[in-house]
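> Okay, so the sequence shown: first residue is 14 according to this note's numbering, each after it adds one.
Using N, Cα and C, we set each Cβ at its ideal position, and we do this for glycine too.
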Amino acid sequence: MAADTTLIILGASGDLTSRLLLPALGQLLSREPKRSVRLHGAGVEDWTDEHWREVVRKAFQTMDADSAFAAVSDTTYSQADITKADDLQKLLDDAEGRPALYFAVPPAVTEKACLALSDVTIPEGTVLALEKPFGTDEASAHTLNTQLATLVPEDQVFRIDHFLGRSTVLNLLGTRFANRIIESVWSADDIASIRIDFPEALGLEGRAGYYDAAGALVDMIQSHLLQVMAFVTMEPPASLDQLDLRDATSAVLRATHVKDDDPVTNSRRARYTAGDVGDRHFPSYVDEPGVDASRGTETLAEMTVEVRTARWQGVPILLRSGKALGAGDPAVTVAFKPVRHLPVGFVGESEPSEMVFSLGPDTISLGLNINGADDPLDLERVNLSTHLGEGALKAYGEVLSGILDGDAMLAVRGDAAEQCWRIVQPVIDAWRKNEVPLDEYPAGTAGPSSWND
14 MAADTTLIIL GASGDLTSRL LLPALGQLLS REPKRSVRLH GAGVEDWTDE
64 HWREVVRKAF QTMDADSAFA AVSDTTYSQA DITKADDLQK LLDDAEGRPA
114 LYFAVPPAVT EKACLALSDV TIPEGTVLAL EKPFGTDEAS AHTLNTQLAT
164 LVPEDQVFRI DHFLGRSTVL NLLGTRFANR IIESVWSADD IASIRIDFPE
214 ALGLEGRAGY YDAAGALVDM IQSHLLQVMA FVTMEPPASL DQLDLRDATS
264 AVLRATHVKD DDPVTNSRRA RYTAGDVGDR HFPSYVDEPG VDASRGTETL
314 AEMTVEVRTA RWQGVPILLR SGKALGAGDP AVTVAFKPVR HLPVGFVGES
364 EPSEMVFSLG PDTISLGLNI NGADDPLDLE RVNLSTHLGE GALKAYGEVL
414 SGILDGDAML AVRGDAAEQC WRIVQPVIDA WRKNEVPLDE YPAGTAGPSS
464 WND
């Protein structure tokens with residue numbers, strides 16, 4: 014029986030495929046064994062079908078998904094140059110059911126492949142799945158989107174942001190919209206500030222070729238954190254289907270700007286020097302293999318934005334991410350305003366409440382001030398928290414599920430990709446002019462000592 018979908022992984026011999034895509038596919042198929050999918054790999058390496066199958070088998074084993082291998086045991090591999098129309102045509106012609114092309118290759122290769130697809134007969138329903146970044150600025154993102162629009166309809170383009178498949182990010186939606194006690198205070202009337210922080214203990218991990226040209230701002234804030242921010246701040250959609258949800262996130266991104274239109278005051282950057290993160294020693298970033306020190310690439314970036322709508326006017330939203338950091342957990346922190354009036358006589362803890370969505374380990378917590386056990390007028394702080402678990406599927410499993418189902422709910426729409434570049438461009442420009450100093454911090458610390466806040 015022919016498969017419903019043929020998942021064609023372009024760049025099948027690369028690290029992304031073996032480390033993330035194949036384990037996620039194994040987990041998905043082990044949970045949903047009735048899915049009808051054929052798997053085909055294409056890459057520059059001269060692999061045999063047998064070697065490819067062993068790569069797939071080993072990747073599935075990392076997720077204890079050995080039994081799922083039977084669903085794709087006849088998987089095949091092709092050596093192909095995906096920037097050539099003839100090679101792409103053969104891949105599509107050999108597909109069963111609906112083809113889904115997953116571009117697990119560098120962005121420059123993806124762009125060339127999309128140009129080559131102009132000379133290819135593309136079967137109806139074909140899905141194109143693209144990894145970030147989408148272009149290098151707003152203009153190039155628009156050019157890429159224009160090219161994609163000549164190939165397939167927008168709802169068949171999956172711009173992948175695996176952050177949107179994280180269980181905690183999805184739980185933002187349930188917490189916001191399914192609880193009246195939360196929904197009613199989710200605005201500038203009651204919220205003082207929002208912080209979206211993603212510190213990483215990891216360093217370059219062999220990715221200098223990409224990272225040194227991108228830096229923390231483009232690698233994390235321009236894509237992942239702005240998309241998370243859109244989930245936090247969007248207006249309630251009518252439904253969670255791809256049209257309504259993506260309309261809502263795109264609308265809030267269009268309203269987002271650097272705070273006070275001042276990228277110099279509202280952004281900071283730094284890079285790590287030698288130091289230890291746990292039991293790992295890191296050399297200075299400029300001494301890492303493949304790094305060009307003259308680029309001045311940052312490994313820690315911050316920017317503060319604001320959403321210019323009635324719901325969020327005046328609320329600062331801090332976006333922050335960095336590498337080789339030794340403190341802090343990835344989290345979305347929503348800080349509420351103080352109570353309007355605290356009766357005279359209370360003493361002790363009276364700081365405003367905070368709600369924290371931790372992105373690893375996945376938890377939700379709410380900090381409250383309550384009466385102390387010994388003295389009823391002595392307030393103390395307690396945290397109500399719940400562990401969310403890891404979610405039924407890994408983030409890439411959610412992504413692949415959407416691709417196989419043809420549901421683009423968790424994919425980035427073209428206009429949203431362009432807006433993310435527009436939002437960060439003033440900061441990029443200010444940094445290129447050296448209007449914002451490039452500070453330093455020892456690896457394993459929380460950041461530059463001068464960033465006391």
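Jot down the residue ranges of each uninterrupted alpha helix (DSSP H) in the stretch 16-75, minimum 4 residues, whole runs only, in chain order.
Qualifying alpha helix (DSSP H) stretches, in chain order: 35-44, 62-74.
> What separation, rounded to the nearest whole angstrom, lies between the Cα atoms of S398 and L372?
Walking along the sequence shown from the start, residue 398 turns up at place 385. Walking along the sequence shown from the start, residue 372 turns up at place 359. Straight-line Cα distance between these residues: approximately 14 Å.
> Decide if S334 is buried, meaning its Cβ has at least 16 other Cβ atoms within 10 Å, or exposed.
Within the sequence shown, numbered from 1, the residue matching residue 334 stands at position 321. Buried, by the Cβ-count rule.
> Since F116 and E144 should fall inside the 8 Å C-beta cutoff, what is the C-beta to C-beta distance between them, to a whole number of angstroms?
To locate residue 116, count along the sequence shown from 1; it is residue 103. To locate residue 144, count along the sequence shown from 1; it is residue 131. With a Cβ gap of about 6 Å, F116 and E144 count as contacting.
> Residues in the same chain with beta-carbon distance under 7 Å from E361, minus the five sequence neighbours each way, listed in chain order, please.
One-based indexing of the sequence shown puts residue 361 at position 348. Reading the sequence as shown, one finds Gly at residue 361 and not Glu. The answer, listed in chain order, is G385, D391, L392, E393.
> How many whole angstroms separate the CB atoms of W434 and G148, which I take to be in contact at a CB cut-off of 8 Å?
Along the sequence shown, read from residue 1 onward, the residue named residue 434 stands at position 421. Along the sequence shown, read from residue 1 onward, the residue named residue 148 stands at position 135. Indeed, because the Cβ distance is near 7 Å, the residues count as touching under 8 Å.
> Give, in chain order, every unbroken run of the alpha helix (DSSP H) that is at least 4 residues long and sits entirely within the stretch 93-171.
Complete alpha helix (DSSP H) runs here, min 4: 98-106, 120-129, 151-162.
> Give me the residue from S297, R426, P439 with the minimum Cα distance to T278.
By one-based count along the sequence shown, residue 278 stands at place 265. When only C-alpha atoms are compared, the closest one is P439.
> Below 8 Å between beta carbons: does that hold for M316 and V347?
For the purposes of this step, residue 316 is taken as the residue at position 303 of the sequence shown. For the purposes of this step, residue 347 is taken as the residue at position 334 of the sequence shown. Contact flag unset, no.
> Whole angstroms is fine: what's the gap from G341's alpha carbon to P212's?
Within the sequence shown, numbered from 1, the residue matching residue 341 stands at position 328. Within the sequence shown, numbered from 1, the residue matching residue 212 stands at position 199. Cα-Cα distance, rounded: 7 Å.
> If I'm right that A55 touches L104 with Cβ under 8 Å, what's the distance once you round it to whole angstroms?
As a working mapping, residue 55 is identified with position 42 in the sequence shown. As a working mapping, residue 104 is identified with position 91 in the sequence shown. The Cβ separation is near 6 Å, so the contact holds.
> Starting from M242 and walking both ways along the beta strand (DSSP E), at which residues does that stretch end?
Counted from its first residue, the sequence shown places residue 242 at position 229. Per DSSP, M242 belongs to no beta strand (DSSP E); it is in the alpha helix (DSSP H), 239-246.
> Take L35 and list the residues in its own chain whose beta-carbon comes closer than 6 Å to its own, dropping the five residues that flank it on each side.
For the purposes of this step, residue 35 is taken as the residue at position 22 of the sequence shown. Once the five neighbours on either side are set aside, the close Cβ partners of L35 are V69, A72.
> Along the chain, where does the beta strand (DSSP E) containing I377 start, and where does it finish?
On the sequence shown, position 364 is the one that residue 377 refers to. That run of the beta strand (DSSP E) goes 375-384.
> Which of the three DSSP states, helix, strand or coil, is assigned to G358?
As a first step, residue 358 must be located in the sequence shown, where it is residue number 345. In this structure, G358 counts as coil in the three-state DSSP scheme.
> Which whole-angstrom value describes the C-beta separation of A456 and A287, a residue pair presumed to lie in contact below a C-beta threshold of 8 Å?
By 1-based counting over the sequence shown, the position of residue 456 is 443. By 1-based counting over the sequence shown, the position of residue 287 is 274. At roughly 6 Å, the Cβ-Cβ gap stays under 8 Å, so A456 and A287 are in contact.
> Specify the secondary structure class of V304 as computed by DSSP and reduced to three states.
Within the sequence shown, numbered from 1, the residue matching residue 304 stands at position 291. In this structure, V304 counts as coil in the three-state DSSP scheme.
> Restricting to Cα atoms, I'd like to know which of R66, V328, G291 is closest to Y90.
Numbered from 1 along the sequence shown, position 77 holds the residue referred to as residue 90. It is R66 whose Cα lies nearest to the Cα of Y90.
> Under a Cβ-count criterion, where at least 16 other Cβ atoms within 10 Å of its own Cβ denotes burial, should R172 be classed as buried or exposed?
For the purposes of this step, residue 172 is taken as the residue at position 159 of the sequence shown. That one is buried.
> Please report how far the alpha carbon of A93 lies from the alpha carbon of D100, in whole angstroms.
As a working mapping, residue 93 is identified with position 80 in the sequence shown. As a working mapping, residue 100 is identified with position 87 in the sequence shown. If you take the alpha carbons of A93 and D100, they lie about 6 Å apart.
> Would you check if the distance between the CB atom of V449 and the CB atom of R281 is smaller than 8 Å?
The count along the sequence shown starts at 1 and reaches residue 449 at position 436. The count along the sequence shown starts at 1 and reaches residue 281 at position 268. In contact: V449 and R281 (Cβ atoms closer than 8 Å).
> Quick check: the stretch 191-204 against the stretch 413-420, are at least 3 beta-carbon pairs closer than 8 Å?
No, because fewer than three Cβ pairs between the stretch 413-420 and the stretch 191-204 fall closer than 8 Å, the two stretches do not touch.
> Evaluate E469 with the Cβ neighbour count: other Cβ atoms within 10 Å of its Cβ, from every protein chain shown; 16 or more gives buried, anything less gives exposed.
One cannot answer for residue 469 here, as it falls past the ends of the chain, which runs 14 to 466.
> Please classify L253 as buried or exposed, where buried requires at least 16 neighbouring CB atoms within 10 angstroms.
In the sequence shown, counting from the first residue as 1, residue 253 sits at position 240. Per the 10 Å Cβ criterion, exposed.
> Between N396 and G460, what straight-line distance do the alpha-carbon atoms span, to the nearest angstrom?
Stepping through the sequence shown from its first residue, residue 396 is reached at position 383. Stepping through the sequence shown from its first residue, residue 460 is reached at position 447. Cα to Cα, N396 sits roughly 26 Å from G460.
> Can you tell me where the beta strand (DSSP E) holding R333 begins and where it ends?
On the sequence shown, residue 333 is found 320 positions in, with the first residue counted as 1. Note, R333: beta strand (DSSP E), 330-335.
> Per DSSP, which one or two residues make a beta bridge with L392?
Here residue 392 corresponds to residue number 379 of the sequence shown, with the count starting at 1. For L392, which the question treats as bridged, DSSP gives the partners G361, N384.
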